[in-house]
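>
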Amino acid sequence: MIVLHGGDEFTQGCEQVDLAISSLFGLSSCSIGILPTAAANHNPLKAANNGVNYFKKLGIYAEKLMVLNYDDANDFEIVNNLDNFNVIYFTGGDPDYLFQVLVNSLLIQKIKNKLNKNDCVLVGSSAGAMVFGVKMLREKLVNTIGIFNGLIIPHYESSNLSSDRFQIIDEFQKLSPILGIDSKTSCFYNSGTLKVIGEGKVNLFYDDQRQILFNDQIIKLTK
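Numbered per numbering that gives the first Met the number 0, the sequence shown spans residues 0 to 222.
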């Protein structure tokens, strides 16, 4: 399962999302590894500690995994440490930097293997969500990691997309889904089924249609 979060992680209002994640394993069995990789150039320790402290208040065990560069993402000891966690959580930050660290790394291969064996839930917030799509919206569409066959636009409630970017969206959504995810809101995706959890909404652009999805709504993505 992949959880794509619209941003503002570890803040008041996200509890519904994170308790839903922990309920997949049971509160006492859930163990979360927090990777502040996308925030590597903007106080990653603070980003990771915010997550650890936030989950502690919810009664959920979490630990920081300081993967900050490409060398870290290819360090066998660090990568194998992922086996200690059933939730792997990437924070927000810089999506371009995060992609550079993860692409073709041992870390992302390990994560893909764990997902294939249903050994973990992968969570990405904001930049962390963007890079797990098949494309990422920058000045143009760029290739990304491709775990989710679509495109993710976080903080959608304040995105203010320009007309040329809407044109890009219009072309792309004919091939793959686009998720415009509000802050403090997540899409839980597994085997073609998407469920929205959180206080905001999700704009789904897909197959020449636009749907607005709210908390607890479930939809099947057919392509």
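Don't be surprised by glycine CBs; every beta carbon is placed ideally from N, CA and C.
What does the alpha-carbon distance come out to for the pair residue 123 and residue 166?
Against the sequence shown, residue 123 aligns to sequence position 124. Against the sequence shown, residue 166 aligns to sequence position 167. The straight-line gap separating the alpha-carbon atoms of residue 123 and residue 166 is approximately 26 Å.
> For the candidate residues 207, 181, 49, 206, whose alpha-carbon lies nearest to that of residue 195?
Your numbering for residue 195 matches position 196 in the sequence shown. The option with the nearest alpha carbon to residue 195 is 181.
> Beta carbon of residue 98, beta carbon of residue 36: below 8 Å?
Counted from its first residue, the sequence shown places residue 98 at position 99. Counted from its first residue, the sequence shown places residue 36 at position 37. No Cβ-Cβ contact shorter than 8 Å links residue 98 with residue 36.
> When burial is assigned at 16 or more other CB atoms within 10 Å of the CB, is residue 172 buried or exposed?
Indexing the sequence shown from 1 puts residue 172 at position 173. Classification for residue 172: buried.
> Verify whether the separation of the beta carbon atoms of residue 223 and residue 53 is less than 8 Å.
Outside the modelled stretch of the chain, which goes from 0 to 222, sits residue 223, for which no answer is possible.
> Between the Cα of residue 115 and those of 190, 168, 149, 30, spot the shortest distance and give me the residue it belongs to.
Stepping through the sequence shown from its first residue, residue 115 is reached at position 116. That would be 190, whose Cα lies nearest to the Cα of residue 115.
> Relative to the alpha-carbon of residue 138, which residue among 80, 164, 27 has its alpha-carbon at the smallest distance?
Translated into positions along the sequence shown, residue 138 becomes position 139. Here the closest residue by C-alpha is 164.
> May I have a chain-ordered list of the beta strand (DSSP E) segments no shorter than 3 residues that lie completely inside the region 34-83?
60-63
> How many Å lie between residue 197 and residue 103 at the Cα?
Translated into positions along the sequence shown, residue 197 becomes position 198. Translated into positions along the sequence shown, residue 103 becomes position 104. Going by the C-alpha atoms only, they are around 32 Å apart.
> By the DSSP assignment, the alpha helix (DSSP H) with residue 92 in it spans what residues?
Looking up residue 92 in the sequence shown gives position 93. Note, residue 92: premise wrong, no alpha helix (DSSP H); not H, not E.
> What is the DSSP secondary structure of residue 115, counted as helix, strand or coil?
Translated into positions along the sequence shown, residue 115 becomes position 116. Reduced to three states, the DSSP call for residue 115 is helix.
> Where does residue 102 fall in DSSP's three states?
For the purposes of this step, residue 102 is identified with residue 103 of the sequence shown, where counting begins at 1. The answer is coil: DSSP assigns residue 102 none of H, G, I, E or B.
> Got a sec? Which residues, its chain only, sit under 7 Å from residue 156 by beta carbon, not counting five neighbours each side?
By one-based count along the sequence shown, residue 156 stands at place 157. So the qualifying residues of the chain are 181, 182, 199.
> Over what stretch of residues does the alpha helix (DSSP H) that includes residue 21 continue unbroken?
Here residue 21 refers to the residue found at position 22 when the sequence shown is read from its first residue. Looking at the DSSP string, the run of the alpha helix (DSSP H) that includes residue 21 is 14-22.
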